[in-house]
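Just below is one structure, and these are the notes that go with it.
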Amino acid sequence: MGWDDAPAHVCRGGDVRGLAFCCPPVKPCPVHAKLAEVGISPQEFVNIKEEFGKKTELGKGTGTCFGSLIWCCKASKPCPLRDSVLQSIGMTHDTYMTLKKELAEEIVKHSNVNTINYSDDDIATLASTFDISFEEAKKALNESGNDLKTAIKNLRIKSL
745 MGWDDAPAHV
755 CRGGDVRGLA
765 FCCPPVKPCP
775 VHAKLAEVGI
785 SPQEFVNIKE
795 EFGKKTELGK
805 GTGTCFGSLI
815 WCCKASKPCP
825 LRDSVLQSIG
835 MTHDTYMTLK
845 KELAEEIVKH
855 SNVNTINYSD
865 DDIATLASTF
875 DISFEEAKKA
885 LNESGNDLKT
895 AIKNLRIKSL
């Protein structure tokens with residue numbers, strides 16, 4: 745199954761869901777700006793990921809950079825440490841990415857992303873930009889978890 749529409753890493757401009765692939769916030773990098781943007785403190789971020797790791801196999805991985813698969817990057821990015829752990833626990837890349845998607849959903853749940861209320865004018869502007877109906881624009885926002893950047897990306901892909 746995996747995660748077909750997985751976002752880019754946050755350090756490559758990914759949306760809030762990309763936080764599932766971030767290292768701990770221990771050095772200056774884009775994770776700090778993304779956490780501030782979505783209303784999650786660095787400590788809350790660590791807690792969310794560690795709690796998720798306790799409930800899933802993403803908590804395994806003492807041989808990885810930060811001691812757990814919860815801090816590892818996307819399966820599409822080559823990493824011998826992550827892949828060695830996945831092989832040793834018998835986890836496929838698809839299962840890994842499915843768990844990362846669930847982790848991303850958990851992070852989004854704790855963020856302010858879903859609390860943003862777009863006005864009818866905002867939705868009308870989105871509709872006008874993509875030459876779609878107001879209802880289609882509203883649906884695109886709903887399908888993207890109310891994340892405007894993701895909605896725009898998805899609408900661009902549909903228009904190709």
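Residue numbers (my numbering): 745 to 904.
For every residue, glycine included, the Cβ atom is placed at its ideal position computed from N, Cα and C.
Mapping the DSSP letters down to three states, classify residue i as helix, strand or coil.
i: CYS767; result: coil
i: SER785; result: coil
i: GLY811; result: coil
i: GLY758; result: coil
i: LEU904; result: coil
i: LYS798; result: helix
i: GLY746; result: coil
i: LYS804; result: coil
i: LYS793; result: helix
Give me the Cβ distance between residue i and residue j, rounded to the nearest whole Å; I'm assuming they're in contact under 8 Å.
i: ASP759; j: LYS893; result: 5 Å
i: PRO774; j: VAL754; result: 5 Å
i: HIS854; j: ILE784; result: 6 Å
i: ASN898; j: VAL782; result: Rounded, the Cβ-Cβ distance is 19 Å, inconsistent with contact.
i: TRP815; j: CYS809; result: 7 Å
i: ALA871; j: GLU880; result: 7 Å
For the alpha helix (DSSP H) that residue i lies in, which residues bound it at each end?
i: LYS778; result: 774 to 782
i: ALA848; result: 837 to 854
i: SER916; result: What is shown of the chain runs 745 to 904, which leaves residue 916 out entirely.
Taking residue i as the reference, which of the options has the closest Cα?
i: TYR862; options: ASN898, ALA884, GLY803, PHE789; result: ALA884
i: MET835; options: ILE851, ASP866, GLU849, GLY803; result: GLY803
i: ALA764; options: ILE792, ARG900, GLU887; result: ILE792
i: LYS818; options: PHE810, GLY811, ASP827; result: ASP827
i: PRO769; options: GLY757, ARG761, ARG756, GLU788; result: GLU788
i: THR842; options: ARG756, ARG761, GLY807; result: ARG761
i: ILE833; options: SER812, SER820, GLY746; result: SER812
I want to see whether chain B comes within less than 9 Å of residue i, judged by CB atoms only; does it?
i: TYR862; result: Of the protein chains in the structure, only one exists, and it is not chain B.
> Which residue spans inside the region 856 to 900 form an unbroken alpha helix (DSSP H) run of at least 4?
Replying inline: Unbroken alpha helix (DSSP H) stretches of 4 residues or longer found wholly inside the region 856 to 900: 864 to 873, 878 to 887, given in chain order.
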